[in-house]
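Numbering (the working numbering), first residue to last: 22 to 190.
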């Protein structure tokens, strides 16, 4: 497995420890976005993309992040459970979306991302610098010419209120 592309989005004038965001491509086939480059005590390090952990409201069953004091849906007061603690007793608030399985893979990612980060810092000093990170989010012109399907959607793909045999007009 090889990292074939690294794209960095630097954080401008950040007083925070967050130095930038990153996306990496493996073997020109698989992209992982939203890795964070954080300024640590021993220099920059890479944090994997993550999401906030949630729990259900005991009253309405809607999801709320673990630190919420009140339900976002019904407004009921939430009790803070201690079941989401790690082995050292700290509250676990986030779960990785993607992460390396072994230290060799983690070191490979860390090395390539930090290398790319330093290169991007140098490029950012050049006049007319533009980050390539945002290129992923440009809308491809080919999608503008796609026509809606002429045949009706089948099975669970039907639109709300649509019955079998109906399709887009």
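Every residue gets a Cβ at the ideal spot worked out from N, C-alpha and C, and that includes glycine. In this text the structure is predicted, and so the values were computed from the model without any measurement.
Taking just the CA atoms, how far does residue 74 sit from residue 96?
Here residue 96 is taken as the residue at index 75 of the chain shown, counted from 1. Here residue 74 is taken as the residue at index 53 of the chain shown, counted from 1. About 19 Å.
Relative to the alpha-carbon of residue 60, which residue among 68, 53, 141 has its alpha-carbon at the smallest distance?
Counted from its first residue, the chain shown places residue 60 at position 39. Distances from the CA of residue 60 to each of 68, 53, 141 were compared; the closest alpha carbon is that of 68.
Going along the chain, which residues of its own chain have a beta-carbon closer than 7 Å to the beta-carbon of residue 134, five neighbours each way excluded?
By 1-based counting over the chain shown, the position of residue 134 is 113. Excluding sequence neighbours, residue 134 sits near 27, 43, 45, 56, 58, 67.
Please report the distance separating the alpha-carbon of residue 65 from that of residue 107.
As a first step, residue 65 must be located in the chain shown, where it is residue number 44. As a first step, residue 107 must be located in the chain shown, where it is residue number 86. When rounded, the separation of the alpha-carbon atoms in residue 65 and residue 107 is 25 Å.
Roughly how many angstroms lie between the CA atoms of residue 149 and residue 50, to the nearest whole one?
Locating residue 149 in the chain shown gives position 128, where the first residue counts as 1. Locating residue 50 in the chain shown gives position 29, where the first residue counts as 1. When the Cα atoms are used, residue 149 and residue 50 turn out to be separated by approximately 30 Å.
Exposure label - residue 81; buried when at least 16 CB within 10 Å
Taking the chain shown and counting its residues from 1, the one referred to as residue 81 is at position 60. Residue 81 is exposed by the Cβ-count criterion.
Kindly give me the distance between the Cβ atoms of residue 48 and residue 25, rounded to whole angstroms, as I take these residues to be in contact under 8 Å.
Position 27 of the chain shown holds residue 48. Position 4 of the chain shown holds residue 25. Contact holds; Cβ gap of about 6 Å.
Spell out the partners DSSP gives residue 53 in its beta bridges.
Taking the first residue of the chain shown as 1, we reach residue 53 at position 32. Note: residue 53 sits in a beta bridge opposite 45.
Do residue 116 and residue 53 come within 7 Å of each other at the CB atom, strictly closer than that value?
As a position in the chain shown, residue 53 is number 32, starting the count at 1. As a position in the chain shown, residue 116 is number 95, starting the count at 1. The Cβ-Cβ distance between residue 53 and residue 116 does not fall below 7 Å.
With 16 other CB atoms within 10 Å as the buried threshold, where does residue 143 fall?
Reading the chain shown from its first residue, position 122 is the one you call residue 143. Burial state of residue 143 is exposed, judged by a 10 Å Cβ sphere holding fewer than 16 other Cβ atoms.
Sequence-distant residues of the same chain with beta carbon closer than 7 Å to residue 85, five excluded per side:
The residue given as residue 85 occupies position 64 in the chain shown. Excluding residues up to 5 positions away in sequence, 75, 76, 78, 92, 93, 99 lie with their Cβ nearer than 7 Å to the Cβ of residue 85 in the same chain.
Once the 5 residues before and after residue 121 are set aside, which same chain residues still bring their CB inside 7 Å of it?
For this step, residue 121 is matched to residue 100 along the chain shown. The beta carbon of residue 121 is closer than 7 Å to those of 127, 130 in its chain, skipping five residues each way along the sequence.
Cβ-based neighbour list, residue 89, same chain, cut-off 7 Å, excluding 5 preceding and 5 following:
Indexing the chain shown from 1 puts residue 89 at position 68. Closer than 7 Å at the Cβ level, and outside the excluded window around residue 89, lie 99.
In whole angstroms, what is the alpha-carbon distance linking residue 141 and residue 112?
For the purposes of this step, residue 141 is identified with residue 120 of the chain shown, where counting begins at 1. For the purposes of this step, residue 112 is identified with residue 91 of the chain shown, where counting begins at 1. A straight-line Cα-Cα distance of about 35 Å links residue 141 and residue 112.
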